[in-house]
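Participant:
In this note's numbering, the protein residues as written are 5 to 209.
1) Quick one: measure Cβ to Cβ for residue 158 and residue 137, integer angstroms, because I've assumed they're closer than 8 Å.
2) Rounded to the nearest angstrom, what separates residue 112 and residue 155 at their Cα positions?
3) Buried or exposed for residue 191, going by 16 or more other Cβ atoms inside 10 Å?
4) Leaving out five residues on either side along the sequence, give the residues of the same chain with a beta carbon under 7 Å from the beta carbon of residue 124.
5) Let me know if residue 31 comes out buried or exposed under the rule of 16 or more other beta-carbons within 10 Å of its beta-carbon.
6) If I follow the unbroken alpha helix (DSSP H) through residue 183, where does it start and stop?
7) Along the chain, which unbroken stretches of the beta strand (DSSP E) at least 3 residues long are found entirely within the region 43-109?
8) Let's see if you can read the secondary structure: which residues bound the alpha helix (DSSP H) around residue 118?
9) Any idea which residues DSSP pairs residue 162 with across the strands?
10) Can the beta-carbon of residue 135 be found less than 7 Å from the beta-carbon of residue 96?
11) Do the region 53-73 and the region 17-36 touch if we need at least three Cβ pairs shorter than 8 Å?
12) Does residue 34 come out as helix, strand or coil in the three-state DSSP assignment?
13) CA-CA distance, residue 10 and residue 55?
14) Consult DSSP for residue 170 and reduce its assignment to one of helix, strand or coil.
15) Please report how far the alpha carbon of residue 42 lies from the alpha carbon of residue 183, in whole angstroms.
16) Straight-line CA distance for residue 94 to residue 122?
17) I need the straight-line Cα distance from residue 211 to residue 71, nearest angstrom please.
18) Would you mind sorting residue 99 into buried or exposed? The rule is 16 or more other CB atoms within 10 Å of its CB.
19) Sort out for me which residues DSSP pairs residue 157 with in a bridge.
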């Protein structure tokens, strides 16, 4: 976390090169150790590159201010100067995924099951969010639908954060992440069953 505090203050190649050893030993190595312990239950993980894609961004800072990794069976783990965070779900849905999601949410049985799952997660202190939401229910769905709040969302994720502190540097994070992922698995399974991967062809640049 100290490494990322410094990177946020000086996001330059000079800082990165001067502290590359700290990154390898105190950031990437512990993350890889955690992911190795999670692998038997949640599958192999992929650690994201530390470099930002600045081609279409006004912010030209070359390095990400967090290390993140995705899990094969669904899930995301991230460490930054703010602490540890874990997430699960579908952050961004393509148009065909979004249509299937909305139809399932509107269905009394499938949508009711999802609402119940999310309610139980909120009771455990797990947050539910979307990267973007409409102001009203989408076209073709009644504005007063009992699950209009879910119909407005363009994605669905669960997430939980643990602030920076001494406990982050202990074995405790494994227990935190495992507890979160196990609790979130029913929502991930609902998304896999009712939404699934995109079937549309990627757009050409």
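Just so you know, even glycine gets a beta-carbon here, dropped at the ideal spot from N, CA and C.
Every value quoted in this text rests on a predicted model; they were computed, and no experiment measured them.
Facilitator: Checking against the coordinates, here is how it stands:
1) Residue 158 to residue 137, Cβ: 7 Å. Contact.
2) Straight-line Cα distance between these residues: approximately 13 Å.
3) Residue 191 should be labelled buried.
4) Excluding sequence neighbours, residue 124 sits near nothing in its chain.
5) Here residue 31 is buried. Its C-beta has 16 or more other C-beta atoms within 10 Å.
6) Per DSSP, the continuous alpha helix (DSSP H) segment holding residue 183 begins and ends at 176-198.
7) Within the region 43-109, the complete beta strand (DSSP E) runs of at least 3 residues are 49-51, 70-75, 80-84 and 87-94.
8) For residue 118, the uninterrupted alpha helix (DSSP H) run begins and ends at 112-127, by DSSP.
9) Beta-bridge pairing links residue 162 to 92 and 132.
10) Contact annotation: residue 135 and residue 96 have beta-carbon atoms nearer than 7 Å.
11) By the Cβ rule, the region 53-73 counts as touching the region 17-36, because three or more pairs are nearer than 8 Å.
12) Of the three classes helix, strand and coil, the one that applies to residue 34 here is helix, per DSSP.
13) Their backbone Cα atoms lie some 16 Å apart in a straight line.
14) In the three-state scheme derived from DSSP, where H, G and I count as helix and E and B as strand, residue 170 is classed as helix.
15) Rounded to whole angstroms, residue 42 to residue 183 spans 11 Å at the Cα level.
16) Whole-angstrom Cα-Cα distance: 14 Å.
17) Look at the range of the chain in this structure, 5 to 209, and you will see that residue 211 is not part of it.
18) Counting Cβ neighbours within 10 Å, residue 99 comes out exposed, since fewer than 16 surround it.
19) Answer by DSSP bridge pairing, in chain order: 137.
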